[in-house]
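A short write-up of the structure that comes next.
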Amino acid sequence: MLLPCEVAVKGLLPPLRAALAKHLMTKYGLKQVETAKLLDVSQPAISLYNRKMRGKALDLEKDMEIRGLIEKMADALAKGLSHKEYTLMSCEICKAARAKGLLCNMHKTLDPTFDIEKCQLCKTTTLECLG
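Going by our numbering, the sequence shown runs without a break in its numbering and finishes at 149.
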């Protein structure tokens with residue numbers, strides 16, 4: 019039985035980093051190395067995000083609310099962001115994605131015993147990240 023946070027780490031975090039990298043490099047003209055440093059990942063990881071070889075499980079930018087949160091987070095990263103702020107903004111994006119049911123199919127893929135129809139856990143407003 020997987021926890022929602024485990025599904026988010028496997029299915030949401032790579033697409034989030036890919037979207038952040040795209041925004042940082044497009045809006046701020048950052049190089050892959052600079053972007054990697056801000057996201058605390060390797061430069062090859064950024065290259066894989068750019069070539070859509072990693073972080074393609076979800077298109078987070080299709081949802082306008084989540085896209086706005088990603089852009090806000092990328093802007094904050096470019097200006098300097100504390101670890102606490104980074105964590106809180108990541109959790110905010112995760113909560114929005116879960117509430118919209120964006121991780122349900124991924125949860126089912128990762129855990130075939132998971133019953134999407136019976137689970138409403140992520141769609142409740144009381145589920146909080148521990149970040």
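Just so you know, even glycine gets a beta-carbon here, dropped at the ideal spot from N, CA and C. Bear in mind the structure is a predicted one, so any value in this text is a computation, not a measurement.
Alpha carbon of residue i to alpha carbon of residue j, nearest angstrom
i, j, result
"L34", "T127", "19 Å"
"I88", "G73", "14 Å"
"D77", "R116", "14 Å"
"G86", "L57", "18 Å"
"L148", "K90", "Only weak support exists for where L148 lies, its pLDDT of 47 falling under 50; the coordinates are left without a value."
"A114", "E79", "13 Å"
"Y46", "I111", "21 Å"
"G119", "E52", "33 Å"
"C23", "D129", "13 Å"
"K141", "I134", "11 Å"
"M107", "T131", "31 Å"
Limits of the alpha helix (DSSP H) - the one that residue i falls within
i, result
"E103", "H101 to A117"
"L95", "M82 to K97"
"T44", "L31 to Y46"
"C135", "The question names Cys, but residue 135 is Glu in the sequence shown. First-last for E135: undefined, no H or E at that position."
"V51", "Q50 to L57"
"S60", "No alpha helix (DSSP H) holds S60; DSSP gives it neither H nor E."
8 Å Cβ shell around residue i - same chain, five flanking residues per side excluded
i, result
"K49", "M43"
"S60", "A54"
Residue i: CB within 6 Å of a non-hydrogen atom of the ligand SAM
i, result
"K28", "The ligand SAM is not part of the structure shown, which contains no ligands of any sort."
C-beta neighbour in chain D for residue i, strict 7 Å
i, result
"A39", "Judged by its chain identifiers, the structure shown contains no chain D, having just a single protein chain."
Residues near residue i by beta carbon distance below 7 Å, same chain, minus five either side
i, result
"D81", "K118"
"V25", "L121, M124, H125 and L128"
Q) Is the stretch 91 to 98 touching the stretch 38 to 55 in the sense that three or more CB pairs, one from each, lie closer than 8 Å? A) yes
Q.
Assess contact between the stretch 113 to 129 and the stretch 19 to 31, defined as three or more Cβ pairs (one per stretch) separated by less than 8 Å. Is contact present?
A. yes
Q) Per the contact definition of three or more C-beta pairs closer than 8 Å, is the stretch 98 to 109 in contact with the stretch 66 to 83? A) no
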